[in-house]
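Accompanying notes for the structure given below.
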Amino acid sequence: MPELPEVEVTRRELAPRLLGRRISAVHTTAPSYFFLTPPASLKRRLKGCVVVDLRRRGKYLLACLDSGDVLLLHLGMTGQLFTAKARSPRLLSATARSSLAPEQIAGFKPDRHTHLRLCFADGDEDVIFRDVRKFGKVRLLPSGQSDPRLDKLGVDALEATGADLFAAASKRRAPIKTLLLDQGVIAGIGNIYADEGLFLARVRPSRRADRVSADECDRIVQSCQAVMLRSIETGGSSIADYVRPTGGDGGYQDERKVYAREGLPCPICGARIVRRVLGQRSTHYCPRCQR
DNA sequence: CGTTACACCTGAGGGC
DNA sequence: TGCCCTCAGGTGTAAC
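When you line the first sequence up against the numbering used here, it's residues 276 to 566, in that order.
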């Protein structure tokens, strides 16, 4: 689910509820590839720490600790990061659903998908990381150490320029949409906002990258930014799993023009929105507006 | 190197 | 109701 806007909304809403609080206990599920840092060492290094800053790079969140360590978080496809008063820590709910409705967060019970739960010395709400498909990631970066995943990221999508895209695009024959999804070129754009940005820029997703002009690259980057900034304003897209840290839904799914709108009329020209697969990702566009 | 196919995992929804 | 299929906001890796 989460692309740059959802991660940014999560960062903004989580920060005031997390910063400055001392971690008193850490609960996790069993070791799995979800934990790039094994649960045992995660607990060791987190306990007693205070998160002093919460940053974002592309789709990653970086929680900076007073110890100098950095907790690296990625929400994958179904990650949910929120705060709640967890009831009955040892009582595991049997419900296994991918999406957790906002009203369920109020009376949240940790279940088998609740992979990380931070408790605090103030005894107030826990910070919870829940992820059904476990495509999300948690890693504790020891002070001063870098991470290959972060090192590989290109310029953040909100800071990118058309020139950044054009420089990469002119050397590549892959579809332009594939480049937009390449986190090593521009970091933060995912499947929804690639489709929505290309629609706003009126460029067909399948166009060979090396045949997209510099002007079009300008338009594409500006359109992606406009769409993502608007999504941040509305709290992100809550299509299946995404919830805000406060338990609310985002609003951007109601403003989508093409994503998951196959067969429905284009809001500009009325033509039927087309869906086709590009680079193993579902892709949506208007066959008349986008050339 | 760039590009593509596939794997990782769980749940929802549709067709029969 | 159950089974089997496809689909899902991502990304790392292997193979051409």
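Just so you know, even glycine gets a beta-carbon here, dropped at the ideal spot from N, CA and C.
Nothing here was measured: the structure is a model prediction, and the numbers come from that model.
Looking only at VAL496, ILE461, LEU321 and VAL478, the smallest Cα-Cα distance to GLY437 is reached by VAL496. Rounded to whole angstroms, ASP524 and VAL413 show a C-alpha spacing of 24 angstroms.
Taking a 10 Å sphere around the C-beta of CYS544, we find fewer than 16 other C-beta atoms and assign the residue as exposed. Annotation: the region 403-445 contains the following complete segments of the beta strand (DSSP E) (minimum length 3 residues), in chain order: 412-416. Out of GLY382, VAL284, ASN466 and ARG387, the CA that lies nearest to the CA of ARG531 is found in ASN466. For ARG566 and CYS339, the gap between their C-alpha atoms comes out near 44 angstroms.
In this chain, the alpha helix (DSSP H) harbouring ARG505 covers 489-508. Take the alpha-carbon of CYS541 and the one of GLU491: they are about 21 angstroms apart.
In the DSSP annotation of this structure, the continuous segment of the beta strand (DSSP E) that includes VAL327 starts and ends at 326-332.
Take the alpha-carbon of PRO277 and the one of THR285: they are about 10 angstroms apart.
Taking C-beta atoms under 8 angstroms as the contact rule, ARG292 and PRO520 qualify, at a distance of about 7 angstroms. Your pair ILE403 and PHE357 checks out as a contact, with CB atoms roughly 6 angstroms apart and the cut at 8 angstroms. For VAL282, the uninterrupted alpha helix (DSSP H) run begins and ends at 279-293, by DSSP. Bounds of any alpha helix (DSSP H) do not take in GLY354; it lies within the beta strand (DSSP E) bounded by 354-359. Judged by DSSP secondary structure, ILE548 falls outside any alpha helix (DSSP H); it is assigned neither H nor E. GLY398 is classed as exposed because its beta carbon has fewer than 16 other beta carbons within 10 Å across all chains shown. Under the three-state reduction of DSSP output, PHE310 falls in the strand class.
Counting along the chain, the unbroken alpha helix (DSSP H) around PHE474 starts and ends at 466-476. Annotation for ARG405: GLN355, HIS388 and THR389 place their beta carbon closer than 6 angstroms to its own, counting only its chain and skipping 5 residues before and after. By the CB criterion at 9 angstroms, LEU329 and LEU321 fall outside the cutoff.
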